[in-house]
Structures are given as structure tokens and as C-alpha cells.
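Asker: Quick one: this structure, given as C-alpha cells, is what I'll be asking you about.
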Amino acid sequence: MEMKAHAVKGRRRANPYLDLETYDPEADLMVLNLGPQHPSTHGVFRLKLYLDGEIIVKVVPFVGYLHRGVEKLCEKLTMVQLVPIVDKNDYVSPMMNEQSLVMAFENLLGVEVPRRARYLRTVLAELQRIASHLLWFGAFAMDLGGALGGGATLFMYCFRERELILDLFEELTGCRFHYNTHIIGGNRHDVPAGWAKKVHSAIDTIEVRLKEYETFLTTNDIYIERTRGIGIVDGPLAMDLGITGPVLRAAGIDHDLRRDSPYHCYNEIEVRVATAMAGDCEARGQVRIAEMRESIRLVRNLIDGIPEGSLGSRKPIKTPLAEKAPEGHAYAAIESPRGELGVYVIGGGNNRGASPYRLKIRSPSLHVLACLPYILPGHSVSDAVAVLGSVDPIMGEVDR
Amino acid sequence: MNPWVRGLIYAVVITNVFLTITAWSIWFERKFSGRMQSRLGPTFYGPMGLLQPIVDGIKLIQKEFLIPATADKILFVIAPPLTVVLALGTAAVVPFSADIIAADLDIGVLYLLALGSLTIIPVWMSGWSSNNKYAMLGAMRAVAQGVSYEIPLVLASLVPVILAGSMSLSDIVRFQMKHGWFAFWPPGPGFFAFLFFLPASLAEANRIPFDIPEAESELIAGVSTEYTGMGFGLLYLAEYLHTLVISAVASVLFFGGWDGPFAPGLHWMVLKTLALFAGIFWVRWSLVRFRSDQLMTICWRYLVPGGLILVMSAGLWVHFTRGGG
Chain A
579 MEMKAHAVKG
589 RRRANPYLDL
599 ETYDPEADLM
609 VLNLGPQHPS
619 THGVFRLKLY
629 LDGEIIVKVV
639 PFVGYLHRGV
649 EKLCEKLTMV
659 QLVPIVDKND
669 YVSPMMNEQS
679 LVMAFENLLG
689 VEVPRRARYL
699 RTVLAELQRI
709 ASHLLWFGAF
719 AMDLGGALGG
729 GATLFMYCFR
739 ERELILDLFE
749 ELTGCRFHYN
759 THIIGGNRHD
769 VPAGWAKKVH
779 SAIDTIEVRL
789 KEYETFLTTN
799 DIYIERTRGI
809 GIVDGPLAMD
819 LGITGPVLRA
829 AGIDHDLRRD
839 SPYHCYNEIE
849 VRVATAMAGD
859 CEARGQVRIA
869 EMRESIRLVR
879 NLIDGIPEGS
889 LGSRKPIKTP
899 LAEKAPEGHA
909 YAAIESPRGE
919 LGVYVIGGGN
929 NRGASPYRLK
939 IRSPSLHVLA
949 CLPYILPGHS
959 VSDAVAVLGS
969 VDPIMGEVDR
Chain B
174 MNPWVRGLIY
184 AVVITNVFLT
194 ITAWSIWFER
204 KFSGRMQSRL
214 GPTFYGPMGL
224 LQPIVDGIKL
234 IQKEFLIPAT
244 ADKILFVIAP
254 PLTVVLALGT
264 AAVVPFSADI
274 IAADLDIGVL
284 YLLALGSLTI
294 IPVWMSGWSS
304 NNKYAMLGAM
314 RAVAQGVSYE
324 IPLVLASLVP
334 VILAGSMSLS
344 DIVRFQMKHG
354 WFAFWPPGPG
364 FFAFLFFLPA
374 SLAEANRIPF
384 DIPEAESELI
394 AGVSTEYTGM
404 GFGLLYLAEY
414 LHTLVISAVA
424 SVLFFGGWDG
434 PFAPGLHWMV
444 LKTLALFAGI
454 FWVRWSLVRF
464 RSDQLMTICW
474 RYLVPGGLIL
484 VMSAGLWVHF
494 TRGGG
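As C-alpha cells, then:
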């Protein structure tokens, strides 16, 4: 896989293991614990900042405040019980969690997915990507300023559009958020009558509004001042840390699992991957807006062409809880809105019964947080909040 | 009438009017922002939620006023009332019409600027005494910002003073009644001075896009992080009061105060003040925030030199049109 298309050139990184004595023995550094309870840490995340005045000298991130033992739980519950459990990991795009888990089980069991289900999954994934990026944009505006001001206005607008997508999901699955709509070998809920028409009208609305947001991103001077050249993640750093998703693409590295390692029905359609060159907060915003536009295009192309056929490849199993996870291992990765969301599962065969022997979730948010100690030093506290918002971490996914 | 009695009556009336307007301006802002964000805003109490400020006040009074164990107790307690007193004090010299003015000082503009810059002190007091890092950072930013923006504010207010040849606010209005509002005539200095005055005074009052001292996404709530109950309420109230006074002063300095046709002067003054006030809300609910150092850059690199040029051009205008002294 060729990944270095036109990567951002390596630049001087901050030393995350900086010895404060060597920095300046005389300096009167202030230690500021940003989080775990703080309005803009996107959940419970703690950044220990060493400040010289208001300039960050050293950053130590702490994760684990939202650890719920999901992976251990996965060893105890049966495979069919796990789908609603992992729904809660990346709570901004639950569809993606379900899809990666179910795909890993399908690989383990050797189950084929019918074409209709694969198409439907693609549509759901792209709609979810739009919803997730919209939420990111609103939250990022709020990070930039004004939970009681302009940021909140943008936040409300983004939620208004996201609501359209949640309504579509609600009609399809009965749930607004934690859908539990994927099963091993297919999908649980079939497309209701008239759904495609509603999808069309929803994405038409979103496309119009998206133009307004793009205008904001490209013409608002304050936004540009706050994001341009801030928190640059260069290509080599992103690849060293295993960063994927929009942050990687904003660093100029052309990598997208939808195109490079197709799953669902991505091999039948063309995905145009958006990249940006700068690697800063502004570039990450541009990439996400372009991805939303691309998702709209994909949904528009796919929604009318969902093939006829059955939604599940298997006959309903009488006792799904007793279905054994065979011996062996399997990995499935999908391009979630945050990057490569992978599930690695080891089946225990007869010894473990219906639960996996071990299940590991590779979450993109955890990897993206690793870049903070490298890029934050030299910026101010305000920038720390902006950078944290721009990489879009979801704590439920980081800690699992 | 005895000037002392008259002053006292006006003080009581103006204080109460200002506090009442401020309380309902919070309702107005919530309604306004709600409509801007495709929400409804307050609807529960009274028609269109009009009783919301009363309910908010009762809620704040009921809450316990917590004093952190490590706080400097005296400073912590007196800082919020002091902010309100200083904000209200500026209202004393604002002329609402030809004869409704609590104290028609000869040095009205100077008094306004002096009290305005004093407001930094209670903000610093509250930030320092909270003994909280976020409050401390917020207070540091507030002082840096307040001191810097003082200069363009003074320069912008000097323009009407030079043009009218007086520091008394009512004299400035009378001059505008005769020669036209400074925002429109003479073309140039007056209007640009207004454009400088508004952001500079917003920065002094810590309003978005200059509300960096209480940037809630970075510093939780800045200086008011540790305040609860009415202590928080007063800080909040002072911010709105300050904004209201700014709108009143801007309409006096640049839009002719009580000057206007067909209606009593008071009506025009209130109309202009509230229009500017709503304009400030509009700005607040549509912009994101600058970073602290960018704000300083704007002040020192653009507003201060620009203000100096404005003062000079106003002086030249006076010199050449009236033959100056």
C-alpha cells in the first residue's frame, strides 16, 4: 500500500519526555490539570500541562477515567450479546462500532454477507460519518469560543442537521442512537417504505447547509486566526504514532481504508479521498468538510441502487446464544469517522463456548491522543483546547 | 430644588432603572439567542418567559454563597458588589435627556473612563482571592486586556471631545444637536472612532469576542469559577450593566444622545441605547473567540496607531473648519 503521496515534511517536534530541570532550573512553572472534569476535554480526559506563563512547556496526557472493561466483558458475553455493548464505545458513531465487530465475527465464522446487506451497511456508515463530522464541527466551534456565544450558535446549527440523520436511523432501527441493527451475516432491520426518499431530502438539506459551514471555515477571520498553523501533525509523526483518519489525511498522507482495503460494497464504487497539506487544525477541518461532501455524494449514488435480495445470509438460528465461536482468529477494520477502527477476535472453540477467547478493539481516538505531547508545547492554553477539539477524540472509545 | 436632594432622587431612579433594564436584557438576550439558534429561549414563566429574570434572581439568592477554604475571604466577598457599584457609578453622568442626568460633570468623559478602567481591580480581586488556577489565569488575562484596551478607548473617546470642545456629556450632545451626529459628520473621524470605541469597550467589559478572561471552554469560567449563588449573580449582572452603560455612552458620544425628531428626548435615548445593546448581542452570538495574544496584537498593532491618527484628524478638522486656537 503506497501511503506517502505528498506528506507534510517532518518538522521539529517537542520532546514529550522533557526534563523540567534542563528546561530552565529558574523557571517558575505552573502545573495546570486540564481535566478530567473540564468543559472542553470531550469527556473525561486529563492533560497535565506545565505552563511557563501561559505557554505550554510539557504535556502529560492521562487516559482511563472512562474505563468500563468492555474488552473483558467481551470475553464473558456471547457473540450476539456483544453488539449493543460495543455500541457505546464510540458514542458519536455507534454504527461503526457495530459494523467492525460484526465484520470480525463474520470473518471468524466464515459467514458471507448478502449484497443487499452490504449496500445497506455502506449507506448507514456514510450517513453516520456525516452525523459524526457534524457533531465534531459543532463541538469544535464551541471549543474555539463561546459556549455562551457564537460557538453555541454553530453547535445548535450542527445539531439541527444531525437530527435529520438521527431521525432516519430512528425510522430504520427504532433507536436514535444505540441501534443494535447489525447481526452476524446481515442486518436486522429492513429499509422501510419511502425511506430512500427521506434520505434524499435529508442529504439535500444538509448539502445546502454544508455550504454555509464551508463559508465559515474559509472566510471567518477569527476562525482562520485560531486554527491556521496551530497544532501541526506532520506526516512522519502521524505514521510513527499510528494515527489514522482525518488527522492523517490532513497531514497529506493519502490513506483511506474505504479505498485501500475495501469492505462492504466500497469495491463497487469509487471513493474520492480528501487530503490536505498543512496538517494543522484548519486542514483537519477542511478534510472533514470534504469528507462530509463525499459521503453525501456516496449516499446519493447508493440509496436508489440498493439491490434486492435477502438481508441475512443465514437462516435464523434457534439458539443464537449457544452458537460457538470457532477456534482461530480474525481481524476486521473499517474507516470510522475518526480513522481505522479495528476489531481483533480470537475464538476459543469448545473451551470458551459462545464467547470469544479474547477481543481487542483498535480505537483511532487513542492513537490520535498520543500526538498531543509532541505538538502542544509552544502553544498557549487556548490552543491546547483548540487542538484537542480538532483531533476529535471520543473518550468512550479511548478507554473502552 | 436642593442639588443634593435632586442628585439623590436621580441616583435612586437611575440605579433602579438600570438594574431593571439589565435584568430584562438578560431575558431579551436569551430570547434573541434562542431565535438565532433556532430554539425558543425561555417560555415557562410568564408570557413569553418574561418573568424568567425574577425566577433566575430567586434561584441565585437561594443558593449558598460558598467561600473556598483557601480563599482570601475579605477580597472574595467584596469583589462582586464592587464590580456592580463601579458599573452603576458610570451611569451617573449619562444624560438621558436635556434634564434627566444625575450629575452633569464638566469632566464627564474623564470620569467615565476612570471608573471604567477601575473595573479591572475587582476582577483581579475576584480572580486572585479565589485561589484557583483557572480564576488566576482569567484574572491575568483580564488585567492585560483591560489595561491594553484602555488606550484605544481613551483615544476613541477623545475624538468627540475634541470635536465638541467639551468633556461634559450633555455639552457633547448639545453640540451634536446643532452640528449633526459625530458618527456621520464630520465624515471620517467620528464614524471610525465609533468603530474603535465599540470593540475597545467590549474588550473592557469582557464580552465576546473579547470575553477571554472567562473563556469557558478553556478556563471553565475564568474569574467567576469559584463563585456561587449571588456572588456569581452579581458578577454576571455587572457584566450586563457594563454593556448597557457602554451602549448608552456610545449613543451619547456618537449618535447624538437624546437628539431626534417627533418624540421626547428620553425616548430617543432609550431607543438608541437598546439598539446598540441588541447589536452587541448580535455580535456576541455570531462570533467565536480570539486568543489572548491575538487580541493584544489587534490592540497594539492596529487600534492604538489608528486611534492616534483619528485624534490627529479630528484636531485638524477643528483647526481648519473653525480656525482653531
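Protein chains in written order, with my numbering: chain A, 579 to 978; chain B, 174 to 498. The C-beta atom is built at its ideal place from N, Cα and C for all residues, glycine as well. From a predicted model like this one, the values you see are computed outputs, not experimental measurements.
(1) What does B:M209 touch in chain A if you count any residue whose Cβ is under 9 angstroms from its own?
(2) Using alpha carbons as the reference points, say which of A:Q659, A:S678, A:Y595 and A:P639 lies closest to A:K938.
(3) How long is the line joining the alpha carbons of A:V670 and B:S299, rounded to whole angstroms?
(4) Please report the residue range of the beta strand (DSSP E) in which A:P934 lies.
(5) Count the other CB atoms, across all protein chains shown, that sit within 10 Å of the CB of A:M579; report buried if there are 16 or more and exposed otherwise.
(6) Reducing DSSP to helix, strand and coil, say where A:D782 ends up.
(7) Show which residues of chain A have a CB atom less than 8 angstroms away from the CB atom of B:I280.
(8) Quick one: what's got a C-beta closer than 6 angstroms to A:S888's C-beta in the same chain, skipping five residues either side?
(9) Would B:V422 and B:L285 qualify as a contact pair, given that the criterion is a beta-carbon distance under 8 angstroms?
(10) What's the C-alpha gap between A:R862 and A:L795?
(11) Which of the three DSSP states, helix, strand or coil, is assigned to A:S914?
(12) From the DSSP output, which residues share a beta bridge with A:P639?
(13) Going by DSSP, what residues sit across from A:L610 in a beta bridge?
(14) If you run the structure through DSSP and keep just helix, strand and coil, what is A:A908?
(15) Assign B:I280 to one of two classes, buried (16 or more other C-beta atoms within 10 Å of its C-beta) or exposed (fewer than that).
(16) If you check the beta carbons only, do A:G967 and A:A717 fall under 8 angstroms apart?
(17) Mind checking who A:N765 pairs with in its DSSP beta bridge?
(18) Using the rule of at least 16 other Cβ atoms within 10 Å of the residue's Cβ for burial, across every protein chain shown, is B:D272 buried or exposed?
(19) Cβ closer than 9 angstroms: which chain A residues qualify as neighbours of B:R462?
(20) For the candidate residues B:P241, B:Q235, B:L291 and B:T243, whose alpha-carbon lies nearest to that of B:L261?
(21) Could you work out which residues of chain A lie near B:L310, taking near to mean beta carbons separated by less than 9 angstroms?
(22) Pull out every residue of the stretch 738 to 750 of chain A whose Cβ sits closer than 8 angstroms to any Cβ of chain B, in chain order.
(23) So B:R212 contacts chain A; which residues on that side make the cut at Cβ distance below 7 angstroms?
(24) Run through chain D and tell me which residues come within less than 7 angstroms of B:W458, C-beta to C-beta.
(25) Flag B:D501 as yes if its beta-carbon sits less than 8 angstroms from any beta-carbon of chain A, otherwise no.
(26) If you check the beta carbons only, do A:E684 and A:G763 fall under 8 angstroms apart?
(27) Comparing the C-beta of A:P934 with each C-beta of chain B, is any distance below 8 angstroms?
(28) At what residues does the alpha helix (DSSP H) containing B:G319 begin and finish?
(29) Which residues in chain B have a C-beta closer than 9 angstroms to the C-beta of A:A719? List them in chain order.
(30) Give me whichever residues DSSP pairs with B:S453 in a beta bridge.
(31) If we ignore side chains and look at the alpha-carbon of each, how far apart do B:T401 and B:E237 end up?
(32) Compare the beta carbon distance of A:S943 and A:E975 with 8 angstroms and say whether it is the shorter of the two.
(33) Using a Cβ-Cβ cut-off of 8 angstroms, state whether B:K306 counts as contacting chain A.
(34) For A:H584, which residues of its own chain have a beta-carbon under 6 angstroms away from its beta-carbon, when the five flanking residues on both sides are left out?
(35) Out of B:P254, B:S270, B:L223 and B:W177, point me to the one whose CA is closest to B:L410's CA.
Answerer: Quick look at the numbers:
(1) T731 and M734
(2) A:S678
(3) 38 angstroms
(4) P934 to R940
(5) With a pLDDT of 40 at A:M579, under the threshold of 50, the modelled position of this residue cannot be trusted, and the question is left open.
(6) helix
(7) Under the 8 angstroms cutoff, chain A gives no residues; its nearest Cβ is about 35 angstroms from B:I280.
(8) P692
(9) yes
(10) 11 angstroms
(11) strand
(12) A:L625
(13) A:L627
(14) strand
(15) exposed
(16) yes
(17) A:H760
(18) exposed
(19) L722, G723, G724, G727, G728, G729, I800, R804 and S960
(20) B:L291
(21) M608, L610, L629, E632 and V959
(22) R738
(23) M734
(24) The structure shown contains no chain D; its protein chains are A and B.
(25) Residue 501 of chain B lies beyond the residue range present for chain B, which begins at 174 and ends at 498; the question has no answer from this structure.
(26) yes
(27) no
(28) K306 to A337
(29) V461
(30) The sequence shown places Ile at residue 453 of chain B, not Ser. Answer is none; B:I453 lacks a bridge partner.
(31) 7 angstroms
(32) yes
(33) yes
(34) Any reading at A:H584 must be qualified, since the residue scores a pLDDT of 46, below 50, and its modelled position is unreliable; the value itself is stated next. So the qualifying residues of the chain are G830.
(35) B:P254
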